[in-house]
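Asker: Per the numbering used here, the sequence shown starts with residue 339, numbered consecutively. Glycine residues also receive a C-beta, built at the ideal position from the N, C-alpha and C atoms. From a predicted model like this one, the values you see are computed outputs, not experimental measurements.
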Amino acid sequence: MDIKLLHGILNPQMVASDTATLTRFSVDGLVPEAVVYPANLSQVSEVIKLANREKWAVTPWGSGTKIGIGGAPKRLDLVLCAARLDKIIDIDVANLTVTAQAGVKLGDLQDLLGGAENRCFFPLEGDLKSQADYMCSARDYKGVFLPLDPPFPDKATLGGIIATNSTGPKRLRYGMPRDLILGVRYVSPTGEIIGMGGKTVKNVSGYDVSKIMIGSLGTLGIIGDITLRLLPLPEQIATILASFKELTAATAFAKRVLNSKLLPTSLEVLNRDGYSLSSSSDLRPSIGGWYVAVGLEGFSEEVKREIIDLKDMAHFEKAIDVVELGRDSTIVFWKNLANCALTLPKDGATMVKFKAGFLISNFPEVLEAWTNILSNDFCALTASAGLGLACAYIMVKTDTDIESAVRLGKAFRETVKIYGGNMVVEFAPATLKQKLDQWGSPQADFVLMRRIKDSVDPLNVLNPGRFLGGI
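Below you can see the structure in the form of structure tokens.
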């Protein structure tokens, strides 16, 4: 790679080629030849046009929290980091919308929307170096939030969340990223800047092409600006934690909640290892084999009534203990659960995460089958009742551990297929990915996905090999 070509379109400080930086931006053992930090979409466009001319393979990079998702790249010449694309463009509380660049971290945006800061910055043309170089409005932006709770919320960027379709337990009430996104501006694999959607809910006639960026894993374009729906902050939040001796009792309680008239924000079933990752010592109820966490948000009177009903339901299903968490403890609990993948690796071990989707009604059967497959080794299991999602977290350190994880992953995947679903390897070391396909068998829609990729990225410039079937 000729670095001078990059210097022709970017300032030298926007291009890095030193060994330390390149190593930090490696993907599954592949090290890029350069890392670029464009500050606006025009610069992103010029980089991608250059990559097309030179036939470079480009991997987009937000904060790196989700870079482990997907297969190893077939090629990796250049990493395009969104660290400088970190400006909030517009906040419209009256219409409950926000527009921000892809490199904005979700945690920073939530602090601003909730009132931790009271400013809004509008982009100006040119190469601006700091937030202080942006115009500031005097409007008040307190009291709203973006209803997304992906893993690593403090570090994850908006672009990474959208590109990986990353969700969390609150999806039960608030839906997926596709339910929140109103518009997007992105750079196509050939370098064109494309804008779709807008600030209104009904802003598209025919196909909503902006949705194509969701879950595309950076293979169909590089996200620049995103417009999303906001919601008012809930008046009260709380969590009910119930512990049970047996899985059957825990799933019976979860089913009772789902079949009731209550509107929980989240509903998670956890085994003992899963609960140990998300709890702190002062929150632990009496020891049980299984735990159910029910998140609640809404008006104070609404939450109070739901707490009473949930405690009655839990006791009816023979809960060992039921604990009520207030606002502060609730925030800690769900943040720990979202970040459990960060707390798992230790003593030189690496985390492996299996994630399965299946028919919603079959979450008890999937959990039971996975539990029967497990040995006595550590394995954290979590299931989002009402969503048809389950995750397994294990640690690998040696070659023997990796072989064991591969056997476990294959058994998990075969079990999930029985219940109308599939399992992906969301995070794993490269050596494990070589032995266990991350995505599982392609389905009937793969042909269409392949055609879309070939049509928009004929030179296979963006993230080649990282998506399903080697797309």
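DSSP state of Q776, grouped into three classes?
Answerer: Note: Q776 maps to coil in three-state DSSP.
Asker: How is H345 classed by DSSP in three states: helix, strand or coil?
Answerer: DSSP places H345 in helix when its eight states are reduced to three.
Asker: Along the chain, where does the alpha helix (DSSP H) containing M651 start, and where does it finish?
Answerer: S638 to F654 is the span of the alpha helix (DSSP H), which, as asked, contains M651.
Asker: So, is G726 buried or exposed, given that buried needs 16 or more other C-beta atoms within 10 angstroms?
Answerer: Classification for G726: buried.
Asker: Does the distance from the C-beta atom of V704 to that of V763 stay below 9 Å?
Answerer: No, Cβ-Cβ distance for V704 and V763 is not below 9 Å.
Asker: Consult DSSP for V442 and reduce its assignment to one of helix, strand or coil.
Answerer: Three-state DSSP puts V442 in coil, outside helix and strand.
Asker: For my contact list, L663 and A588 are in at a C-beta cut-off of 8 Å; report their separation, rounded to the angstrom.
Answerer: About 18 Å separates the two Cβ atoms, so there is no contact after all.
Asker: Suppose the cutoff is 7 Å on Cβ atoms and the five residues either side in sequence are ignored; what does the same chain contact list for A768 look like?
Answerer: So the qualifying residues of the chain are D366, G367 and A410.
Asker: Take G533 as the anchor and find which of K508, D517, M761 and T565 has the nearest alpha-carbon.
Answerer: Minimum Cα distance to G533 is reached at T565.
Asker: If you draw a straight line from the alpha carbon of T403 to that of R567, how long is it in whole angstroms?
Answerer: Answer to the nearest angstrom: the Cα atoms are 23 Å apart.
Asker: Return the chain-ordered list of same chain residues with a C-beta closer than 8 Å to the C-beta of K735, the five sequence neighbours on each side being excluded.
Answerer: Taken in chain order, the residues that qualify are D685, G686, A687 and T688.
Asker: Report the residue from N760, P780, V754 and D737 whose alpha carbon sits nearest the alpha carbon of K773.
Answerer: Taking only the C-alpha atoms, the option nearest K773 is D737.
Asker: Using a Cβ distance threshold of 8 Å, determine whether the stretch 740-747 contacts the stretch 665-678, with at least three qualifying pairs required.
Answerer: As far as the Cβ criterion goes, the stretch 740-747 does not touch the stretch 665-678, which means the pair count is below three.
Asker: Mind checking which residues open and close the alpha helix (DSSP H) that includes M787?
Answerer: Segment F784 to V794, the alpha helix (DSSP H) holding M787.
Asker: For a minimum of 3 consecutive residues, which ranges assigned as the beta strand (DSSP E) are wholly contained in the stretch 664-716?
Answerer: Runs found: 688-695.
Asker: Using the DSSP secondary-structure output, state which residues sit across from S722 in a beta bridge.
Answerer: Partner(s): E606 and L727.
Asker: Using a Cβ-Cβ cut-off of 6 Å (strictly less than) and excluding sequence neighbours within five positions of V436, which residues of its own chain qualify?
Answerer: Closer than 6 Å at the Cβ level, and outside the excluded window around V436, lie I429, L566 and L568.
Asker: Give me the residue from V382, I341 and A421 with the minimum Cα distance to P370.
Answerer: Of the listed residues, the one whose Cα sits closest to P370 is I341.
Asker: Sort out for me which residues DSSP pairs P527 with in a bridge.
Answerer: According to DSSP, P527 bridges with nothing at all.
Asker: Provide the residue span of the beta strand (DSSP E) that contains T565, from first to last.
Answerer: Note, T565: beta strand (DSSP E), I560 to R567.
Asker: According to DSSP, simplified to helix, strand and coil, what is I407?
Answerer: Looking at I407 - three-state DSSP - the assignment turns out to be coil, as it is neither helix nor strand.
Asker: Roughly how many angstroms lie between the CA atoms of D471 and F701, to the nearest whole one?
Answerer: Legend: pLDDT at D471 = 46, less than 50; position of this residue unreliable, no value from coordinates given.
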